[in-house]
Amino acid sequence: MPATHPPDFEHAIHTTNIWLKAVAQALGSEDRHLAHRVLRAWLHTFRDRLTVDVAAHVAAQLPELLRGVYYDGWNPSAVPIKYDRDGYVNRFAQEAKIAPEDVPRTAAAVTSVVREHFSPGALESAVEQLPHGIRDVLLQPAA
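Numbering of the sequence shown is given in the numbering used here, commencing with residue -1 and proceeding in unit increments.
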């Protein structure tokens, strides 16, 4: 007998799968595990560079299951963590398990997906809180 989930849970899973499929496609892949790793790395490196208030506003834009990923391991008393472009790239690469030279293309691809799913202007408002070097990585045209 197949397991059934409450409708709200099914919706949360469905919405998360939509995001993961979009990230995988933006990366030119069908690998949902890769999509999950890079989306998680994007969310964590973005979140940790924001103030608590801005991070909470970003979380409000996320689907329920991804909000859990976003908050996983978060220490609001230790943010924002100060790192520059190189620190961002190295942390993203380590968490996503990708090469540092792949971070700009990968981060830009994820940013494009996030922008599509957020309310208009919500992502841009949060990105304004970041140093220019990190903004440049996130907002470069996805290749």
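Cβ coordinates follow ideal geometry from the N, Cα and C atoms, glycine included. It should be emphasised that the depicted structure is a prediction, and the values quoted were computed from it without experimental measurement.
Neighbourhood of residue i by C-beta distance below 6 Å, restricted to the same chain and skipping five residues each side
i    : result
A91  : P98 and V101
V87  : P98 and V101
V111 : A20, V21 and A24
CB of residue i within 8 Å of CB of residue j, strictly
i    : j    : result
L18  : H34  : yes
A94  : P139 : no
A20  : D29  : no
T104 : V36  : yes
Whole-angstrom distance between residue j and residue i, CA atom to CA atom
i    : j    : result
I148 : L63  : Residue 148 lies beyond the range of the chain shown here (-1 to 141); nothing can be said about it.
I154 : G66  : Only positions -1 to 141 of the chain appear in the structure, and residue 154 is not among them; the question remains open.
L136 : F116 : 15 Å
R89  : A57  : 20 Å
R113 : L60  : 11 Å
I11  : E122 : 27 Å
A69  : P118 : According to the sequence as given, residue 69 is Tyr; it is not Ala. So the two alpha carbons sit approximately 22 Å from each other.
T14  : D134 : 27 Å
P5   : G26  : 31 Å
Start and end residues, alpha helix (DSSP H) containing residue i
i    : result
D6   : P5 to A24
P102 : V101 to H115
R47  : Neither: R47 is in no alpha helix (DSSP H) and is coded neither H nor E.
L128 : Taken as a continuous stretch (DSSP letters only), L128 belongs to no alpha helix (DSSP H), as it is neither H nor E.
W81  : Note that residue 81 is Tyr in the sequence shown, not Trp. No alpha helix (DSSP H) holds Y81; DSSP gives it neither H nor E.
E62  : E62 to Y69
Spatially closest choice to residue i from the options, by CA coordinates
i   : options                : result
R47 : S27, P78 and W72       : P78
G71 : D84, A39, H9 and G26   : A39
D84 : P129, R45, T14 and L25 : P129
F44 : Y81, P5 and H31        : Y81
Own chain partners of residue i with C-beta closer than 7 Å, once the 5 adjacent residues on each side are dropped
i   : result
V52 : A124 and Q127
Same chain, Cβ closer than 8 Å to residue i, neighbours up to 5 away in sequence not counted
i    : result
V50  : P74 and V77
E8   : none
A120 : H55, V56 and Q59
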